[in-house]
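Asker: Handing you a structure now.
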Amino acid sequence: MNDKTEKLVKVITERQQSKYDAIVPARYVVCSPHGFLFGGKHIRTTNTAVKQLCATCGIPTQFFIERMNERERCAVFNRLNIQHAEVERLYRFQNDCLYGVVSERYKKIDNIRILDILQAASDSGIGLKPVKWTLNHDHTRVVLVPENANVGELTPSITVTNSENGLASLSLWAGVYRWVCSNGMMVPVSDIAKSRWMHIGKNDISLPDIRIVLNKSFEWTEKLYDSKSRYLSTKNKSDIVLDITRALGQKAAEKMIETANKSYHGGRTMFDAVGAITQAAHAFRPAVQTELEHYAATLLKVA
Numbered sequence: 003m004n005d006k007t008e009k010l011v012k013v014i015t016e017r018q019q020s021k022y023d024a025i026v027p028a029r030y031v032v033c034s035p036h037g038f039l040f041g042g043k044h045i046r047t048t049n050t051a052v053k054q055l056c057a058t059c060g061i062p063t064q065f066f067i068e069r070m071n072e073r074e075r076c077a078v079f080n081r082l083n084i085q086h087a088e089v090e091r092l093y094r095f096q097n098d099c100l101y102g103v104v105s106e107r108y109k110k111i112d113n114i115r116i117l118d119i120l121q122a123a124s125d126s127g128i129g130l131k132p133v134k135w136t137l138n139h140d141h142t143r144v145v146l147v148p149e150n151a152n153v154g155e156l157t158p159s160i161t162v163t164n165s166e167n168g169l170a171s172l173s174l175w176a177g178v179y180r181w182v183c184s185n186g187m188m189v190p191v192s193d194i195a196k197s198r199w200m201h202i203g204k205n206d207i208s209l210p211d212i213r214i215v216l217n218k219s220f221e222w223t224e225k226l227y228d229s230k231s232r233y234l235s236t237k238n239k240s241d242i243v244l245d246i247t248r249a250l251g252q253k254a255a256e257k258m259i260e261t262a263n264k265s266y267h268g269g270r271t272m273f274d275a276v277g278a279i280t281q282a283a284h285a286f287r288p289a290v291q292t293e294l295e296h297y298a299a300t301l302l303k304v305a
């Protein structure tokens, strides 16, 4: 694994080790003037956890936080919570911070499962690296691209999203994107494969399911690789220029030619042509830019 992948693995593993869960009756939670108590001990709470605690009692969160004073919050929450005193719920903690309150039937598909995805990609030989990640209990997002991908060009990519407290499912998107900038922003320019796993049910997710969506990135990686060895004849280049001229005008075609001559060997291969079109697209307004990127993806699809 590359350095960025190893760093991501380390962060995910360390976060996982500091987490624990408790399935206990609702009476374990009490509201006090200084915050919430869990089993008689003071705990910290995230905003999402407070919202979920309020939801279990039917209390509007904004009203609870902004309109009630400490005495009123304690009285209302404790009176309503005791009505469901024996209802068991899953309370999710990181150290002493409560970050989620969900049903005891909640299926835990935590960020540690992202390591399965990284391993599957590594085993395939695709050589994915993370270019951006946000690890948050509410919303996790990890963007992966091949190690040889370049900012500003088309690239296969996999995006993983997840929530560890019931706000969203574990989802994977894969396809071809334009890598906009080094902070990991991606714009889809082709058909995208998507798979997701809900936090419900008894069956666990399995690695073969993950491979289904990985196959889309494998497919586009192969197309990019093959396009580097597909040399274009003068007629091929002329046809591409004419297509762009007819669809988007002379300026778009001229910008593509200028970019190809400056940075992409005069459009020697299909890979060079796709790169030149994608880079040239940056000079135009969003509508034209999108059309050029989609055209580049179409060339890649048949490469």
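In the working numbering, the protein residues as written are 3 to 305.
Cβ atoms here follow ideal geometry from the backbone N, Cα and C, with glycine treated the same way.
Predicted, not measured: the structure shown is a model, and the values here were computed from it.
1) Considering only residues of the same chain and omitting the five flanking positions on each side of P27, which have a CB-CB separation below 7 Å?
2) I'd like the list of long-range same chain contacts for L356, defined as Cβ closer than 6 Å, with 5 residues on each side in sequence excluded.
3) Identify which residue in N150, W135, A151, N152 has its Cα closest to the Cα of V144.
4) Give me the residue from G42, D23, A24, R232 with the minimum Cα distance to V32.
5) Excluding sequence positions up to five away, which residues of its chain have a Cβ less than 6 Å from the Cβ of N83?
6) Is the region 225–244 touching the region 263–279 in the sense that three or more CB pairs, one from each, lie closer than 8 Å?
7) Out of S105, C56, Y93, E68, which has the shortest C-alpha to C-alpha gap to R81?
8) So for H86, helix, strand or coil by DSSP?
9) Identify which residue in S105, E221, I14, I45 has its Cα closest to the Cα of L120.
10) By DSSP, does I61 sit in helix, in strand, or in coil?
11) Check the C-beta distance from V153 over to K131 and give it rounded, since I have them as a contact under 8 Å.
12) According to DSSP, which residues form a beta bridge with N138?
13) Would you list the one or two residues that DSSP bridges to L146?
14) On a Cα-Cα basis, can you pick out the residue from W181, N164, G168 that is closest to L174?
15) Below 9 Å between beta carbons: does that hold for L294 and L226?
16) Would you list the residues sitting across from T47 in a DSSP beta bridge?
17) Enumerated in chain order, which unbroken segments of the alpha helix (DSSP H) with a length of 4 residues or greater are wholly contained in the region 267–291?
18) What residue does the beta strand (DSSP E) around K230 start on, and which one ends it?
19) What are the boundary residues of the alpha helix (DSSP H) that includes S240?
20) Measuring alpha carbon to alpha carbon, tell me which residue in R75, K253, N4 is nearest S124.
21) Quick one: grab the DSSP three-state call for A298.
22) Across which residues does DSSP place F66 in a beta bridge pair?
23) So who's on the other strand from I25, going by DSSP bridges?
24) Just the C-alpha distance for T48 and N167, rounded to the nearest angstrom, thanks.
25) Compare the Cα-Cα distances from K257 to each of N138, Q281, S235 and report the closest residue.
Answerer: Taking the definition as stated:
1) For this step, residue 27 is matched to residue 25 along the sequence shown. Cβ within range, chain order: A87, E88, V89, E90.
2) Within the shown structure, residues of the chain are numbered from 3 to 305, placing residue 356 beyond reach of any answer.
3) The residue you call residue 144 lines up with position 142 of the sequence shown. For the residues N150, W135, A151, N152, the minimum Cα distance to V144 belongs to W135.
4) For the purposes of this step, residue 32 is taken as the residue at position 30 of the sequence shown. Minimum Cα-Cα distance from V32 among the listed residues G42, D23, A24, R232 corresponds to G42.
5) By 1-based counting over the sequence shown, the position of residue 83 is 81. Within the same chain, N83 has close Cβ partners A28, C59.
6) yes
7) Locating residue 81 in the sequence shown gives position 79, where the first residue counts as 1. Nearest in C-alpha terms to R81, of all of S105, C56, Y93, E68, is C56.
8) Residue mapping note: residue 86 aligns to position 84 of the sequence shown, counting from 1. Of the three classes helix, strand and coil, the one that applies to H86 here is helix, per DSSP.
9) Walking along the sequence shown from the start, residue 120 turns up at place 118. Of S105, E221, I14, I45, the residue nearest in Cα terms is I14.
10) To locate residue 61, count along the sequence shown from 1; it is residue 59. Coil.
11) As a working note, residue 153 is residue 151 in the sequence shown. As a working note, residue 131 is residue 129 in the sequence shown. At roughly 13 Å, the Cβ-Cβ gap does not stay under 8 Å, so V153 and K131 are not in contact.
12) Taking the first residue of the sequence shown as position 1, residue 138 is located at position 136. BP columns for N138 are empty, so no partner.
13) For the purposes of this step, residue 146 is taken as residue 144 along the sequence shown, with counting starting at 1. Under DSSP, L146 shares a beta bridge with P132, I160.
14) Locating residue 174 in the sequence shown gives position 172, counting from the first residue. Scanning W181, N164, G168 for the CA closest to the CA of L174 turns up N164.
15) Here residue 294 is taken as the residue at index 292 of the sequence shown, counted from 1. Here residue 226 is taken as the residue at index 224 of the sequence shown, counted from 1. Contact flag unset, no.
16) For the purposes of this step, residue 47 is identified with residue 45 of the sequence shown, where counting begins at 1. Bridge partners of T47: L100.
17) 272–282
18) Position 228 of the sequence shown holds residue 230. Per DSSP, K230 belongs to no beta strand (DSSP E) and is neither H nor E.
19) To locate residue 240, count along the sequence shown from 1; it is residue 238. First-last of the alpha helix (DSSP H) with S240: 236–250.
20) The count along the sequence shown starts at 1 and reaches residue 124 at position 122. Ranking R75, K253, N4 by Cα distance to S124 puts N4 first.
21) Within the sequence shown, numbered from 1, the residue matching residue 298 stands at position 296. Helix.
22) Residue 66 sits at position 64 when you count from the first residue of the sequence shown. The partner list for F66 (beta bridge, DSSP) is empty, contrary to what the question assumes.
23) Taking the first residue of the sequence shown as 1, we reach residue 25 at position 23. DSSP, once it has assigned bridges, lists L92 as partnering I25.
24) On the sequence shown, position 46 is the one that residue 48 refers to. On the sequence shown, position 165 is the one that residue 167 refers to. The straight-line gap from Cα to Cα measures roughly 11 Å.
25) Sequence index remark: in the sequence shown, residue 257 carries index 255 (1-based). Measuring from the Cα of K257, the nearest candidate turns out to be Q281.
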